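1 is the number of the first residue of the sequence shown in UniProt numbering; add one for each residue after it. C-beta: ideal position from N, C-alpha, C; glycine also. The structure displayed is predicted, hence computed values, not measured ones.
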Amino acid sequence: MDAEHIRAIAQQTGCTHIHPGYGFLSESPQLASLFPEGGAIVFIGPSTGTLRVASDKMQSRALAVHNGVPVAPGAHVSSAEDVHKFVEGLGSAPFPIIIKALDGGGGRGIRLVYAEDHIDHAFRRCVGESASRRVFAEKAFVGPGWRHVEVQIVGDGLGNVSHLWERECSVQRRFQKVVEMAPSTLPRDTVGHVIEAALKMARHLQYKSLGTFEFLIDDHAKHWIFLEINPRIQVEHTVTEELLNIDLVKAQLQLSLPKASLEVVLPAWTMSPQPSPPPGYAIQLRLVAEDPHKDFRLSTGTIGPADVFWPSGRGVRVDTWLSTGPYYRGGLQWAVGVDFDSLLAKIVVHAGTFQEASARALRALRETRIAGDVKTNVEILSGVIAHQDWSSGRIYTQWLEEKVDQLVQLGNTQLTRQSRGSLSDTAAPRRLSGGTESATATALLQPGASFQLSLSPSLPQAASGQQTQKHTLVISSIGRNAFPNELSGTITTSLSAMPLSFSLSQLSSIMASAHTEFANPADPSHVASPIAGKIVELHPALETVAGDANKGSYVRKGEPLVVISVMKMESVVNAPASGRVVRVGRGIEVGNIVAEGALLCVLDVTDMDKGLARL
Numbered sequence: 001m002d003a004e005h006i007r008a009i010a011q012q013t014g015c016t017h018i019h020p021g022y023g024f025l026s027e028s029p030q031l032a033s034l035f036p037e038g039g040a041i042v043f044i045g046p047s048t049g050t051l052r053v054a055s056d057k058m059q060s061r062a063l064a065v066h067n068g069v070p071v072a073p074g075a076h077v078s079s080a081e082d083v084h085k086f087v088e089g090l091g092s093a094p095f096p097i098i099i100k101a102l103d104g105g106g107g108r109g110i111r112l113v114y115a116e117d118h119i120d121h122a123f124r125r126c127v128g129e130s131a132s133r134r135v136f137a138e139k140a141f142v143g144p145g146w147r148h149v150e151v152q153i154v155g156d157g158l159g160n161v162s163h164l165w166e167r168e169c170s171v172q173r174r175f176q177k178v179v180e181m182a183p184s185t186l187p188r189d190t191v192g193h194v195i196e197a198a199l200k201m202a203r204h205l206q207y208k209s210l211g212t213f214e215f216l217i218d219d220h221a222k223h224w225i226f227l228e229i230n231p232r233i234q235v236e237h238t239v240t241e242e243l244l245n246i247d248l249v250k251a252q253l254q255l256s257l258p259k260a261s262l263e264v265v266l267p268a269w270t271m272s273p274q275p276s277p278p279p280g281y282a283i284q285l286r287l288v289a290e291d292p293h294k295d296f297r298l299s300t301g302t303i304g305p306a307d308v309f310w311p312s313g314r315g316v317r318v319d320t321w322l323s324t325g326p327y328y329r330g331g332l333q334w335a336v337g338v339d340f341d342s343l344l345a346k347i348v349v350h351a352g353t354f355q356e357a358s359a360r361a362l363r364a365l366r367e368t369r370i371a372g373d374v375k376t377n378v379e380i381l382s383g384v385i386a387h388q389d390w391s392s393g394r395i396y397t398q399w400l401e402e403k404v405d406q407l408v409q410l411g412n413t414q415l416t417r418q419s420r421g422s423l424s425d426t427a428a429p430r431r432l433s434g435g436t437e438s439a440t441a442t443a444l445l446q447p448g449a450s451f452q453l454s455l456s457p458s459l460p461q462a463a464s465g466q467q468t469q470k471h472t473l474v475i476s477s478i479g480r481n482a483f484p485n486e487l488s489g490t491i492t493t494s495l496s497a498m499p500l501s502f503s504l505s506q507l508s509s510i511m512a513s514a515h516t517e518f519a520n521p522a523d524p525s526h527v528a529s530p531i532a533g534k535i536v537e538l539h540p541a542l543e544t545v546a547g548d549a550n551k552g553s554y555v556r557k558g559e560p561l562v563v564i565s566v567m568k569m570e571s572v573v574n575a576p577a578s579g580r581v582v583r584v585g586r587g588i589e590v591g592n593i594v595a596e597g598a599l600l601c602v603l604d605v606t607d608m609d610k611g612l613a614r615l
């Protein structure tokens, strides 16, 4: 993320072009300015001037207003007090509002606020997730009917711009896109208005390279507003590629060459003044490492080649880093941790009609396999495509979050319909007698490695009377290092007269070690971390107790105890009850990595009578 360091490496290696990808640096005017036009190294992307406007959401809004494009009521805010004043100016029904980082993206630095007393907390979290620590507030347009549509723009930097139609991204969770399709199923006349608005703004910028102009469209009232500009290639560019049979990255590279023109880069049939919608439909499904059964928490761990099986066939494309291609070194496993994006693969399908594309997408999901301890959102993806709202076009930006339980159940049903024998014996994951799925590769361990152990009744008739009990298993010594393909041990405490089966999952080696102290789920005074990530903020009570073990401090129920960052997005662990913090878990300090299930603190709720007087 260090622009100066990137330039130094480029100069040392004799690099001629810099492609910024589609991460944070792709929108950085600072990086682009280090490679001026006509220099020895070419920056592949828009000009520095365009990036200054497009990467700042308030400047993008001003550009839209200047060109007569509607925007939501909004204002730059430098404090929570400014947000309160903005709300006062919205009239009798101001909520919901949305607070956004000026340099945010991918769901980072965005909070939806429905009530006055939530403003201060949302403001702090957005500022904390913003690199520039600058945010703004807008009136939020959410609920049934509001769809998210983005227009793919291509420009030569001389004022000549064209479009490659639109993509719809309405299926999203916490402002992160989950399923995208091209074209949108919205009426063409409605989509036509936002395409013209995108072209108008792009011409004003004399846009160069690829870019996406994003809008919200109210399907009920046919009202629409501008959202933002993404001056880069998008993660979801693949649906446009499959729909049009165009290599967008190749086009991006060609546009960086001297005297590049749209006529050379784009097929002639895309350049007509009023082109018809492209034939067919393409759908992209983002397979990510998160557990829908645990509030979509990041699922960390390792994945081996034998754990993975991808779909194939006509009209199916899989872009993934879990690949044993020419650069793969045999015997290695892939690690999913807290510092990088949880996206495992993009599964893209293409067919002649929307119904055919949806059916192909569902088949591809049924064929997808990720075994081992890393969980994925494949159930949610299957539930989305199988749902009647998807097929009838009744989706909207908050639809997934409102239907999440229904979608998980529907997706699970769809996946279990897969006929036996659809996978070869070599491709199917092996199931251990204890109930865990595992790769054939052996994981070498060392004393102190930690695991989550769940014990549950193995007989169906006993399951109704007993619940699964969770424990932490720590390796104290190793006799034979053939784990997890083999495990032998003794359970010294008998929990039941009935036979028990176990499931075991290894925690990330980065986070779980001999130094990690785990909470006891059976102890109500223990406050556990619900996710794995980096600690970025502690309640003053925890800092006080950490500094002096003899000095307790009080907290109220609902107060933020710990803020944990996962891939630059922050989650807050609130106090489950009012009480006195008597102890802080080992290693709970700002900047440290915390494991899922780690002990954050011990809370004494019986000592609250004295504490209430102090709070």
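By DSSP, does residue i sit in helix, in strand, or in coil?
i, result
"Ile-233", "coil"
"Ile-535", "strand"
"Thr-50", "helix"
"Phe-136", "strand"
"Gln-254", "helix"
"Ala-364", "helix"
"Ser-323", "coil"
"Ser-170", "strand"
"Asp-156", "strand"
"Ala-595", "coil"
"Asn-377", "coil"
"Asp-425", "No answer about Asp-425 holds up, because its pLDDT of 33 lies below 50 and its placement is not dependable."
"Val-581", "strand"
"Met-569", "strand"
"Met-1", "coil"
"Pro-29", "helix"
"Pro-292", "helix"
"Trp-310", "coil"
"His-350", "strand"
"Ile-6", "helix"
Just how far apart, CA to CA, sit residue i and residue j?
i, j, result
"Ile-246", "Thr-270", "11 Å"
"Asp-405", "Pro-521", "25 Å"
"Ile-153", "His-121", "37 Å"
"Arg-360", "His-237", "19 Å"
"Arg-125", "Glu-570", "7 Å"
"Ala-10", "Val-235", "25 Å"
"Ala-595", "Arg-174", "23 Å"
"Leu-600", "Ser-209", "48 Å"
"Asp-103", "Pro-267", "34 Å"
"Leu-538", "Leu-244", "50 Å"
"Phe-136", "Lys-100", "5 Å"
"His-526", "Gly-330", "43 Å"
"Thr-324", "Ala-289", "19 Å"
"Thr-13", "His-5", "12 Å"
"Gln-59", "Pro-524", "50 Å"
Mind checking whether residue i and residue j have CB atoms under 8 Å apart?
i, j, result
"Ala-335", "Thr-302", "yes"
"Ala-94", "Val-87", "For the record, residue 94 in the displayed sequence is Pro; it is not Ala. The answer is yes: Cβ separation under 8 Å."
"Asp-218", "Trp-146", "yes"
"Gly-157", "Ser-47", "yes"
"Ala-351", "Tyr-396", "no"
"Lys-139", "Leu-199", "no"
"Met-1", "Leu-25", "yes"
"Val-316", "Val-349", "yes"
"Val-581", "Val-563", "no"
"Leu-344", "Thr-376", "yes"
"Gly-533", "Val-573", "no"
"His-148", "Glu-214", "yes"
"Ala-575", "Gly-558", "yes"
"Leu-285", "Val-408", "no"
Quick one: is residue i buried, meaning 16 or more other Cβ sit within 10 Å of its Cβ, or exposed?
i, result
"Ser-79", "exposed"
"Trp-390", "buried"
"Ser-419", "Low local confidence applies: a pLDDT of 40 at Ser-419 is under 50, so the model's placement there is unreliable, and no value is given."
"Ser-170", "buried"
"Lys-250", "exposed"
"Asp-373", "buried"
"Asn-230", "buried"
"His-387", "buried"
"Glu-263", "exposed"
"Gln-172", "buried"
Q. Mind pulling the beta strand (DSSP E) runs of 3 or more residues that sit fully within the segment 56 to 140?
A. 74 to 77, 97 to 105, 108 to 113 and 135 to 139
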